[in-house]
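Residue numbers (our numbering): 6 to 250. Don't be surprised by glycine CBs; every beta carbon is placed ideally from N, CA and C. Note that the structure is a prediction, hence the values are computed from the model and not measured. All remarks here apply to the structure that follows.
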Ligand SMILES: Nc1ncnc2c1ncn2[C@@H]1O[C@H](COP(=O)(O)OP(=O)(O)OP(=O)(O)O)[C@@H](O)[C@H]1O
Ligand SMILES: [Mg+2]
């Protein structure tokens with residue numbers, strides 16, 4: 006198996022409270038993983054550890070065999086994250102926010118040019134279209150958008166990164182059922198009618214167990230521990246009851 010990301014014996018604890026305990030998870034090339042669990046179970050914590058922004062109190066995280074804390078800028082740009090709290094920049098436009106997804110591949114001059122005015126408009130438009138947002142939003146301030154529209158701007162920024170691995174924390178929150186299905190198909194690379202490279206490998210946290218059939222693997226987390234890691238075809242209601250009770 007071609008492992009892209011590996012979490013080995015990872016603990017995350019603050020004082021006596023454990024947020025993650027003995028997490029062992031190998032994400033292989035082509036995996037489409039649904040990350041599920043109750044609110045507060047540790048999904049966002051796991052995603053922050055997996056992208057290297059939260060340092061475990063024990064254990065290690067390897068991206069293609071390299072310690073995640075030792076990645077260079079190019080390697081780091083191969084991991085794209087959709088944060089649960091989005092982390093958009095209110096002071097710049099939708100298009101400029103989307104372009105920040107590509108900062109890791111460009112120079113400081115490119116970054117400054119993007120702050121002065123929107124650049125590489127065609128790429129932004131492709132990401133907007135993939136995220137089901139009209140191009141009329143491109144020059145709007147993100148602070149003027151609805152929650153679901155803001156989430157789709159963050160999804161467009163994630164796609165703009167054209168990374169190898171996607172870590173998406175609740176990308177479908179605030180979206181109606183129709184949009185949820187379309188966006189999920191984009192992230193799972195089942196809908197590819199736009200000019201942007203989508204990652205082959207992803208881990209996506211969701212609160213809708215009815216959607217796990219679209220993935221090939223399901224990881225269930227409860228009170229900071231992985232209690233389920235299997236093909237979605239093997240999931241039964243007994244599994245789900247154990248996870249959510
Ligand atoms: N910054 C923090 N400091 C201390 N504890 C935290 C912090 N962030 C989260 N926690 C705790 O860690 C546990 C896991 O939180 P996490 O945000 O990972 O859950 P989650 O599964 O993503 O929940 P949700 O579905 O509500 O987003 C919770 O008990 C939470 O209270
Ligand atoms: Mg969360």
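For this session: Can you tell me the Cβ-Cβ gap for residue 93 and residue 155, rounded? I've got them flagged as a contact below 8 Å.
Result: Beta-carbon to beta-carbon, residue 93 and residue 155 are separated by about 6 Å, close enough to satisfy the 8 Å threshold.
Exercise. Can we say the segment 74 to 91 touches the segment 158 to 170, given the rule of at least three CB pairs closer than 8 Å?
Worked result: yes
Problem set entry | residue 129, enclosing alpha helix (DSSP H) - first and last residue | 126 to 135
For this session: Quick one: using the 10 Å Cβ neighbour count with 16 as the cut-off for buried, is residue 200 buried or exposed?
Result: exposed
Exercise. From residue 126 to residue 100, what distance separates their C-alpha atoms?
Worked result: Rounded to the nearest angstrom, the two C-alpha atoms are 8 Å apart.
For this session: Taking the CB atoms as reference points, tell me whether residue 109 and residue 157 lie closer together than 8 Å.
Result: no
For this session: Mind listing, in chain order, the continuous beta strand (DSSP E) runs of no fewer than 3 residues lying wholly within the segment 12 to 80?
Result: 22 to 33, 37 to 41 and 63 to 68
Exercise. Can you tell me the Cα-Cα spacing of residue 173 and residue 64, whole angstroms?
Worked result: 23 Å
Exercise. Where the beta carbon is closer than 6 Å to any heavy atom of ligand 2, which residues qualify, in chain order?
Worked result: 48, 49, 89 and 174
For this session: Output the distance between the C-alpha atoms of residue 207 and residue 37, rounded to the nearest integer angstrom.
Result: Rounded to the nearest angstrom, the two C-alpha atoms are 5 Å apart.
For this session: Would you identify the three-state DSSP class for residue 2, choosing helix, strand or coil?
Result: The question about residue 2 has no answer here: the residues shown for the chain are numbered 6 through 250.
For this session: Return the CA-CA distance between residue 136 and residue 222, expressed in angstroms with no decimal places.
Result: 24 Å
Exercise. From residue 53 to residue 59, what distance separates their C-alpha atoms?
Worked result: 5 Å
For this session: Could you round the C-beta distance between residue 132 and residue 143 to whole angstroms and report it? I think they count as a contact, below 8 Å.
Result: About 10 Å separates the two Cβ atoms, so there is no contact after all.
Exercise. Hey, how far is the Cα of residue 120 from the Cα of residue 102?
Worked result: 9 Å
Exercise. Are there 16 or more other CB atoms within 10 angstroms of the CB of residue 210, so buried, or fewer, so exposed?
Worked result: buried
For this session: If I'm right that residue 146 touches residue 98 with Cβ under 8 Å, what's the distance once you round it to whole angstroms?
Result: 6 Å
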